[in-house]
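Novice: Residue numbers (my numbering), protein chains in the order written: chain A, 1 to 378; chain B, 1001 to 1378; chain C, 2001 to 2398; chain D, 3001 to 3398. Idealized CB from N, CA, C, for every residue including glycine. Quick one: the structure is below, and I'll ask about it shortly.
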Amino acid sequence: MYFDETHEAFRASVRRFVDREINPHMDAWEKEGAPLHDLFGKMGELGFLGIRYDPRYGGQGLDYWYETVFIEELGHVHGWGVPTAIMVQTNMATPAIDMFGTESLKEQYLAPAIAGKLVAAIAVTEPGAGSDVAALKTRAVRDGDAYVLNGSKTFITNGCQADFLTLLARTGDGPGHHCYGLFVVPTDLPGFSVSKRLDKVGLRSSDTAELFFDNLRIPVQNLIGKEGEGFIYQMMQFQHERFTVLPMTYTACRDIIDMTVAYIRERIVFGKPLITKQVLRHRLVEWLAEIESLRHLTYHIVRMKMAGRDVTKEISMGKLLAGPLLNRVSSGCLQMFGGMGFMNETLISRHFRDTRVMSIAGGADEVMKDIIARQEGF
Amino acid sequence: MYFDETHEAFRASVRRFVDREINPHMDAWEKEGAPLHDLFGKMGELGFLGIRYDPRYGGQGLDYWYETVFIEELGHVHGWGVPTAIMVQTNMATPAIDMFGTESLKEQYLAPAIAGKLVAAIAVTEPGAGSDVAALKTRAVRDGDAYVLNGSKTFITNGCQADFLTLLARTGDGPGHHCYGLFVVPTDLPGFSVSKRLDKVGLRSSDTAELFFDNLRIPVQNLIGKEGEGFIYQMMQFQHERFTVLPMTYTACRDIIDMTVAYIRERIVFGKPLITKQVLRHRLVEWLAEIESLRHLTYHIVRMKMAGRDVTKEISMGKLLAGPLLNRVSSGCLQMFGGMGFMNETLISRHFRDTRVMSIAGGADEVMKDIIARQEGF
Amino acid sequence: MNFAFSEEEIRFRSEVDTFVRRELPPDWDERSFYWPAAYGAIAVFEEEHQAFCRAFLRQLGARGWLSLGWPEACGGGGSMMKQAIADDVISYYRAPSGNIATVIGGPTIIFVGSEEMKREFLPPIARGEINFWLGYSEPNAGSDLASLKTTAVSDGDDFIVNGQKIWSSGAHVSDYAWLLARTDPAAGGHRGATLLLVDNNLPGVTIRPIENIVGFHSFNEVFFDDVRVPKRFMVGGLNKGFYNVMVALQFERLVVGIGAFRRILDELVGYVKERYGRKKDRVKNTLARNALASIAIDIEVLYGLYWQNVWMMEQGRVPELEASAMKLFSTELSRKLAGVAVDVLGLPAQLDRGSLYAPLQGRVMAGYLDAVSGPIGAGTSEIQRGIIATRGLGLPRA
Amino acid sequence: MNFAFSEEEIRFRSEVDTFVRRELPPDWDERSFYWPAAYGAIAVFEEEHQAFCRAFLRQLGARGWLSLGWPEACGGGGSMMKQAIADDVISYYRAPSGNIATVIGGPTIIFVGSEEMKREFLPPIARGEINFWLGYSEPNAGSDLASLKTTAVSDGDDFIVNGQKIWSSGAHVSDYAWLLARTDPAAGGHRGATLLLVDNNLPGVTIRPIENIVGFHSFNEVFFDDVRVPKRFMVGGLNKGFYNVMVALQFERLVVGIGAFRRILDELVGYVKERYGRKKDRVKNTLARNALASIAIDIEVLYGLYWQNVWMMEQGRVPELEASAMKLFSTELSRKLAGVAVDVLGLPAQLDRGSLYAPLQGRVMAGYLDAVSGPIGAGTSEIQRGIIATRGLGLPRA
């Protein structure tokens, strides 16, 4: 109803890629981690990494609806690590360069990121400052033609493989929000070091690193936009990040329910298929109703974005609904799989492991609530 | 974003009517019941009772978007009894006449109902058959030029004041769904009697009756559509009924929250306004997120209806989300009003009293779940 | 540990049960709308039941069953356990099983009152002859006692009381206010207040009814206009009011009408067996099975908390967190039970009491409305959780 | 009623506490990932801990602490209460506090076993020398025991066992299967099965590991291929298997690792005090205060159910509904606790055990994964609710 033939053709090509180039490797990548240069190279060739970006930099110049289609189809990936890695590349680390970067930054970093030749990461979170971005300690001090960077970042997705980081650091001492800079930091500069890959319980196909900066000199031309405004840019970038959770969630929840229904339809208990049990049927359809309403809140957000409106509140609402829904569906469906759900490396158990963090990363539920409350003027 | 100037002008006129002709009387009507002939007469003059209906019968010939605007504005009424009475007239008792009735039924009943000259009621529920329509016992037996009706109906909204009923009765003995007739039953025929108004805890401004039929002879021309298909017609009519809960719910929930926020902003506890308490702020915004998503599921349903699609599943999902949301919001906001919420005849306590039934009437939550499960093929 | 009742206790339970069944009028079920752990429909507040309720309380008093938990030295029965057993049985039948004076006033007077006050008040309280109402809440200050505005100014042998109280449950059918008033205007917050017993009949006391959400008159606004109260009616020391209220609160939280929980569950189970059994209505049966199983567990759990609190008091200990936990658990369960009950009964639940077709005498929707009062009154759920977090777990304040 | 421990019990608790603190290695907290009321990370299953766990159990056995609840006539301590106290303390430290043989096997053998079997098995079980694994579940038949397919065909003095079991917790580190097999192929449903003890080392027994969601090897598939089992290894009577399993189930449901609930709460409270105190992070503090207050109440409630079940068993009564209620409540609480814990710790909760930065040794996400097993294993929550509705409340079947 909302997508035309061109959208559907694009959807089919993304889905084909997921089915052929991603899902067959997921079991292996969960063990070894996904090889991002290889994967992104293929995706870049197909134009998947620059859907909304300017064709001057290799982008497709398409609109938010195409982006939505793309993310919806990534929801079919068998695990959340790889889509997260992709979303870091397209929706977390590059939007600020696109919106506020100089021509040369775009040519040097955005274009190759769109082409899948460079892997990007977004470096905001620090040890001791989770959802509270204002508590950041990493500092970039101007010194001639460079900013000298000292500090560390943690929970950095793609951090082990990244060629550059989009990094937020304190540039001044004011109490407000106008004392941060957002920088493009190539990872081959002296002073950069990466800890061993953090060993996470979920999202195992994605690498997550702790990064250290020891007098790393960032060339001044790698500052994105104006010094002092980095925090504001990052807040705007957050909207692109948080949006990604929505289409992924309703797609994946539906997949999870479908696979659960297929299982309990076959599973005979006390002489009847488990699907005939009313408590299970009722539980499933409650989730379906929530999934459907999340989908249409999402499409509303897309329309607002197309109309150039501020979507901070609506996206926060969407993420606030999506995270807990995902948790309820993955844990509730696992319950229906019974003992099978408790086996390692069944798909349902992977979903359960991967999704808990969706209520925490990219702004925890409580942070979303605070944002909405402020936007409402409470 | 979804409504143009014409919609907004229409919205303003409905809102004006609510503010001037309904809300000032609500306290009195809660005690005495709303005088429907008077109220519907005024509404009929303004064209509010036939928004979607054919101008040939006095309708406005407008689309589902206008109907949605109308119902949204009724959500601002200070209590659910009056909107329920109106919705019975426009969305429960007349859609089947419009869809399947003969020309003469339309002229004789639909047109004056649209004009607000006749008050209509929908007579389906029976003692001992709540949500389970198939368990009906009231029977209409063909005898010459009439069907002879015997039985009783209960929980009939508008039942004390109705000029005619749209009534479902068994016409045959088959086990399936093709043995019911839907009839227009004028209440001035011999054999009709109405019990005293049922004394309900909520929706007190609306009258609710138990009706008895003792060899009441319904003229054969008052059969709607084909004999035997009444159950099917009623199922289709249910969609119009159930839809009404959606726009009412998100409008009223927003009003309830706004009035609660206004109250706890002024209320000082332990030296600070209650609105500064994080647990309350967080609770409020969770509901706002659900309200917003319900609104967009509703608009999706409107678009589907405009496109002529079957919306059974989506409307059931909407009602399943709306009833419990309404209960959560009205009871949660009452808690924030503290002792004030426990006083009789404060608006929040009226909302709390009126809304519990929304998860039960018009198909209880469990019935919605069964419908969705069947539609999904579980 | 020992979870069993003694033989004496079992015999006593049976004695109370026999008495209550015999004394209640045949139409009692249609007249008593008490919902457990709620404040709005307590039988004793319904005017048409006043005569019976007063007489019933005096009968309980004559048997010593209103002061079973008081120390023997104060004329009581010396057994909190027996009092709790009696309350369990009596509340199962939704009969009045005590009042503010017997449950809160008496024990607090025993704890902090003067010898003169004990002599004057304990005997009539124990006999069920006088009752108190709790005069804590004021307009715009429900759970926040520290913003107390009512004053009691010393004037010779008297206090002169001025101010307004609200949500005064049963003030119109009681004899004395159990009143918290500020005696030291210079002191702010939780200091400088005193607890007083103020006779409703004193000049300057005006009681105005508030109709509650259930449609009952249980609450009142009460105005004090230069009311002259002799100083001997001071409960506990001067300016010790907040401390004394804290003492009284511990007793208050045991008043949950525990038996009435089990009664409603029994009635719902009976209804479901009759109406939804034998595949008559599978949908309703499935819903009811799951919901009632969960309620049944919760009620067992509540009994566990109840007996534990009772036992602690029997040992002479003052339950604090345990009492907060029970207040929170019982009032939230009261709401949950009402919500489930409405679902189980379906549309007929909407019919008002008095209606011919109303199942369970229409008590379910009345209870649904009434149950909102539990988590609001006597310290909201939010406040109870805060107490447990701060005092129970030692977590930093929010 | 009496909710207090006796002096002897208090002294005993302290003795167990001292013993456990002394015996556990200093790095025990980093090695034991036990999550309460879950099946997937029970310390005893971790291979690297096997040597220690076996030795620790033998030490408990040497003190008689594995058979405290058995009747004295069978060589036990005759006190379920003392056993429960020991289990509470030991599980607080997440140490092994018994196993299938001591908790389920021994008591069931005492109840239904032959004298010969008692003589042969009870002493080594009590000494902590042998362990069993529960051989109930089969592929495609988890909670539905009636569709049992494994057969034991009589052949002279032996049974010949064929079939497959799955979700066999700890089979690889135990000595005997506590096996349910169909001995009367003509009988269907809940008839014609027999309980057997089958030595893991018999020819034809093949154990294959299943890695669980936590990443541990705790489960197995076990195949029986013409395994010859002497008939003296029959537990209880021929074709009485389902009855005997029901007897065993009552004992199983007490195994909740009660102390470990309180331990995690203590750890979370400590974490919050340190990290979110003094307005460092108000958002997290508010969330934690509310969530932990609610968990604290639930744990108190669970203890109430625990001691009540224990006391019933001490009286020689078999808790049925009470045991179902505790199984349901404890496993659901286990999940809720894990969800709250993940929220409270935030992103660092995601770090795996062994990671330098993982708070609480990374046990929270491991527990979050493990906790899903509780409401699934040993009769799902759905089945428990059905039991309570049907047998407890007498509601019509769905």
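1) Quick one: list the residues of chain C neighbouring residue 3385(D), beta-carbon separation under 8 Å, in chain order.
2) Hey, how far is the Cα of residue 3314(D) from the Cα of residue 3329(D)?
3) So for residue 1033(B), helix, strand or coil by DSSP?
4) Could one say the Cβ of residue 3044(D) lies closer than 8 Å to chain B's Cβ atoms, at least one of them?
5) Using a C-beta to C-beta distance shorter than 7 Å, which residues of chain D count as neighbours of residue 344(A)?
6) What does residue 2307(C) reach in chain D if we use C-beta pairs closer than 8 Å?
7) 8 Å is my cut-off, CB to CB: does residue 1968(C) come that close to chain B?
8) Quick check on residue 2206(C): buried or exposed, where buried means 16 or more other Cβ atoms within 10 Å of its Cβ?
9) Near residue 233(A), which residues of its chain fall below 8 Å by C-beta distance, leaving aside the five closest residues on each side in sequence?
10) Could you have a look at residue 2385(C) and say whether DSSP puts it in helix, strand or coil?
11) Provide the residue(s) that pair with residue 3217(D) in DSSP beta bridges, ordered along the chain.
12) With 9 Å as the limit, tell me which residues of the segment 1018-1040 of chain B have their beta carbon closer than that to any beta carbon of chain A; keep them in chain order.
13) On a CA-only basis, which of 244(A), 215(A), 227(A) is nearest residue 180(A)? Give me that one, please.
14) Is the CB-CB distance between residue 237(A) and residue 92(A) below 8 Å?
15) Considering residue 1323(B), what are the terminal residues of the alpha helix (DSSP H) in which it resides?
16) Comparing alpha-carbon positions, which option in 2360(C), 2066(C), 2016(C), 2123(C) lies nearest residue 2272(C)?
17) In whole angstroms, give me the CA-to-CA distance for residue 1158(B) and residue 1209(B).
18) According to DSSP, simplified to helix, strand and coil, what is residue 2177(C)?
19) From the DSSP secondary-structure annotation, give me the bridge partner or partners of residue 3261(D).
20) State the DSSP-derived secondary structure class of residue 959(B), mapped to helix, strand or coil.
21) Determine the burial state of residue 3354(D): buried for a count of at least 16 other Cβ atoms within 10 Å of its Cβ, exposed for fewer.
22) Under the three-state reduction of DSSP, which class applies to residue 1143(B): helix, strand or coil?
23) Can a CB atom of chain B be found closer than 8 Å to the CB of residue 2245(C)?
24) Against chain A, with Cβ distances strictly below 8 Å, would residue 1321(B) count as a contact?
25) So, helix, strand or coil for residue 3005(D), using DSSP?
26) Identify the residues that DSSP records as bridge partners of residue 1208(B): which are they?
27) Which residue's Cα is closest to the Cα of residue 1119(B): 1148(B), 1109(B), 1127(B)?
28) Residues in the same chain with beta-carbon distance under 8 Å from residue 88(A), minus the five sequence neighbours each way, listed in chain order, please.
29) Is residue 80(A) near residue 258(A), with beta carbons less than 8 Å apart?
30) Between residue 2376(C) and chain B, is there a C-beta pair that is closer than 8 Å?
31) From what residue to what residue does the beta strand (DSSP E) around residue 1182(B) run?
32) Starting from residue 1060(B), trace the beta strand (DSSP E) in both directions and tell me its first and last residue.
33) Kindly indicate which three-state DSSP category residue 1102(B) falls into: helix, strand or coil?
34) Measure the C-alpha to C-alpha separation of residue 2195(C) and residue 202(A) and round it to an integer number of angstroms.
35) For residue 204(A), which residues from the same chain have a beta carbon less than 7 Å from its beta carbon, with the 5 sequence-adjacent residues on both sides left out?
36) Given a limit of 7 Å on CB to CB distance, which residues of the segment 258-287 of chain A reach chain C?
Specialist: Concretely, from the data shown:
1) The contact set of residue 3385(D) on chain C, defined by CB atoms closer than 8 Å, consists of 2289, 2290, 2293, 2294 in chain order.
2) So the two alpha carbons sit approximately 22 Å from each other.
3) Here residue 1033(B) sits in coil by DSSP.
4) At residue 3044(D), the pLDDT of 49 sits below 50, so the modelled position is not reliable; the number obtained from the coordinates is stated separately. Not an interface residue.
5) Under the 7 Å cutoff, chain D gives 3211, 3212, 3213, 3215.
6) Neighbours of residue 2307(C) on chain D, chain order: 3001, 3003.
7) There is simply no residue 1968(C) to check, as chain C begins at 2001 and stops at 2398 in what is shown.
8) Counting other Cβ atoms within 10 Å of its Cβ, residue 2206(C) stays below 16 and is therefore classed as exposed.
9) The residues are 96, 99, 100, 182, 224, 225.
10) If DSSP states are grouped into helix, strand and coil, residue 2385(C) belongs with the helices.
11) Answer is 3211(D), bridged to residue 3217(D).
12) Residues passing the 9 Å Cβ filter: none.
13) It is 227(A).
14) Their beta carbons are under 8 Å apart, which means residue 237(A) touches residue 92(A) by this criterion.
15) Counting along the chain, the unbroken alpha helix (DSSP H) around residue 1323(B) starts and ends at 1312-1337.
16) When each option's Cα is compared against that of residue 2272(C), the closest is 2360(C).
17) Taking C-alpha positions only, residue 1158(B) is separated from residue 1209(B) by approximately 7 Å.
18) DSSP places residue 2177(C) in strand when its eight states are reduced to three.
19) Residue pairing by DSSP leaves residue 3261(D) without any beta bridge partner.
20) Nothing about residue 959(B) can be read from this structure; chain B reaches only from 1001 to 1378.
21) In this structure residue 3354(D) is exposed. Its beta-carbon is surrounded by fewer than 16 other beta-carbon atoms within 10 angstroms.
22) Residue state, collapsed to three classes: strand.
23) No, because no Cβ of chain B sits closer than 8 Å to the Cβ of residue 2245(C).
24) The C-beta of residue 1321(B) comes closer than 8 Å to at least one C-beta of chain A.
25) Correct three-state label for residue 3005(D): coil.
26) According to DSSP, which records beta bridges pairwise, residue 1208(B) is partnered with 1157(B).
27) Minimum Cα distance to residue 1119(B) is reached at 1109(B).
28) Shown here for residue 88(A): same chain residues with a beta carbon closer than 8 Å to its own, the five before and five after excluded, namely 120, 121, 122, 157, 158 in chain order.
29) It is not a contact, given that the beta carbons lie outside the stated cut-off.
30) It does; some Cβ of chain B falls within 8 Å.
31) From DSSP, the beta strand (DSSP E) with residue 1182(B) extends over 1180-1186.
32) Looking at the DSSP string, residue 1060(B) is not in any beta strand (DSSP E), and its letter there is neither H nor E.
33) DSSP, read as helix, strand or coil, puts residue 1102(B) in coil.
34) For the pair residue 2195(C) and residue 202(A), the Cα-to-Cα distance works out to about 59 Å.
35) Spatial neighbours of residue 204(A) in its own chain (CB-CB distance under 7 Å, excluding positions within 5 residues in sequence) are listed in chain order as 30, 81.
36) Against chain C - using a Cβ distance shorter than 7 Å - the residues of the segment 258-287 of chain A are 278, 279.
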